[in-house]
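Worksheet: the structure to be examined is printed underneath.
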Amino acid sequence: MDTRFSFLTGVLMLLLSGIWVGCQRTEEPVFPRTVHLTAEKIPLNQIAYPEVITLADGYFVFTCSQTDSLIYFYTVPDLQFVGKGGRKGEGPGEFLSFANFCGNREGRLILLGFPSRNFRQAHLDSTGRMVWGDWYKFDSFDALNWPRIIGDSLLVYSTLFNIKKYDLKNGKPLGEVFMLEPGEKRSTMTPNMGYIAANDTSVVYAYPYKNRFDLFDISTLKLKKSVIGPGKTQIEQGSSGTTTRYYIYPFATESRFYLLKAAKDRKPDEYKVTMQVFDNDANPVGIYFRYRSGCLCRG
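In terms of the numbering used here, the sequence shown is residues 5 to 303.
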């Protein structure tokens, strides 16, 4: 009886250890589709440097804080200039120093960067003039990174070390996932600092110094899945040359997450960036390769 019990115990421990190892296994995702991209340069014919870009209100829109107008509109896909607007100041429709975008499912142009810290909707009229719309009140002093409005009331954003939800209608926080370990410093060079991208169902947290991203359910903020690849965390304070970088930037559509990632075979004269595509359950969909100097940008 003791021998049988010991045997069954051994088998059970072996199975449990196998499950543990399987859960902790690190490997690169296998993508069913591979695409190699070639960049094409299109002159904008405007003296402006695109800082943040998006697709909104049916246009390709970018911000530039170095010019009198802060927001520029171009047609898609031929990138013909059609209008501009926004200026610096302290008035109700003016920006303190720069403008930024707030993502949303409907493709509305929602801007932030105002003295009041609130959001405001805008659109381009038929004359090429930017027209202001409704305000969204935000009663918090949090740093807003990669904000997204779901419907007209739920705001999802990050402060680099967390994922936060906020009720715009009632002006109160709804929950937070804090990503730093106990005692870990709030620094842009800390291993658990990350970038987020959200759609209406999920939010991804991608690590620049880890070969990893985590996927959370948007309604509960519960972890759905972690995708962990091989590789060490190597951070050299004050020198990016010896720092190993993995995920550069994520962005989202309603059914896909696109994660820009630094390639391992980077050469001095050639910087290769990959764009990994996953569905809302973090299943790999495809991988895109971008060669030569430069980087794929948010769309």
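The beta carbon of each residue, even a glycine, is placed where N, CA and C say it ideally should be.
All values derive from a computational prediction rather than experimental measurement.
Asked                                                                                                                                                                     : Found
Just to confirm, are glycine 87 and arginine 133 a CB contact at a threshold of 8 Å?                                                                                      : yes
Identify the residues that DSSP records as bridge partners of lysine 308: which are they?                                                                                 : Residue 308 lies beyond the range of the chain shown here (5 to 303); nothing can be said about it.
Can you tell me which residues form a DSSP beta bridge with threonine 38?                                                                                                 : Ile291
What residue range is occupied by the uninterrupted beta strand (DSSP E) comprising asparagine 203?                                                                       : Neither: asparagine 203 is in no beta strand (DSSP E) and is coded neither H nor E.
So does the segment 41–59 actually touch the segment 78–97, counting three or more Cβ pairs closer than 8 Å?                                                              : yes
Given that a residue counts as buried once 16 or more other Cβ atoms are within 10 Å of its Cβ, and exposed if not, what is lysine 265?                                   : buried
Would threonine 67 pass as a contact of asparagine 108 if the rule is Cβ separation under 8 Å?                                                                            : no
Quick one: residues in its chain with C-beta nearer than 7 Å to the C-beta of tryptophan 150, no 5 flanking neighbours on either side, listed in chain order?             : Tyr161, Ser162, Tyr199, Ile200, Ala201
Which word fits valine 39, buried or exposed, when buried means at least 16 other C-beta atoms lie within 10 angstroms of its C-beta?                                     : exposed
Do proline 186 and methionine 197 count as a contact pair if the criterion is CB distance below 8 Å?                                                                      : no
List the residues that DSSP assigns as beta-bridge partners of glutamine 125.                                                                                             : Ile114
Pull up the distance between the alpha-carbon of lysine 214 and that of phenylalanine 35, whole angstroms please.                                                         : 20 Å
So what does DSSP say about threonine 58, is it helix, strand or coil?                                                                                                    : strand
How is methionine 17 classed by DSSP in three states: helix, strand or coil?                                                                                              : No answer about methionine 17 holds up, because its pLDDT of 41 lies below 50 and its placement is not dependable.
Can you find the residues in the same chain that come closer than 6 Å, C-beta to C-beta, to asparagine 203, ignoring five residues on each side of it along the sequence? : Ala256, Glu258
Can you tell me whether arginine 124 is buried or exposed, with buried defined as 16 or more other CB within 10 angstroms of its CB?                                      : buried
Report, in whole angstroms, the separation of the C-beta atoms of phenylalanine 261 and valine 181, which I expect to be a contact under 8 Å.                             : Wrong, their Cβ atoms sit about 17 Å apart, outside the cutoff.
For valine 98 and tyrosine 76, I'd like the C-alpha separation in whole angstroms.                                                                                        : Strictly speaking, residue 98 in this sequence is glutamate, with valine absent from that position. Roughly 15 Å between the two C-alpha positions.
Pick out whichever of Ser101, Leu172, Trp139 has its Cα sitting closest to the Cα of glutamine 70.                                                                        : Ser101
Apart from the five residues on each side of it in sequence, which residues of its chain come closer than 6 Å, Cβ to Cβ, to arginine 121?                                 : Phe142
How far does the beta strand (DSSP E) with glutamine 280 in it reach, from first residue to last?                                                                         : 277–283
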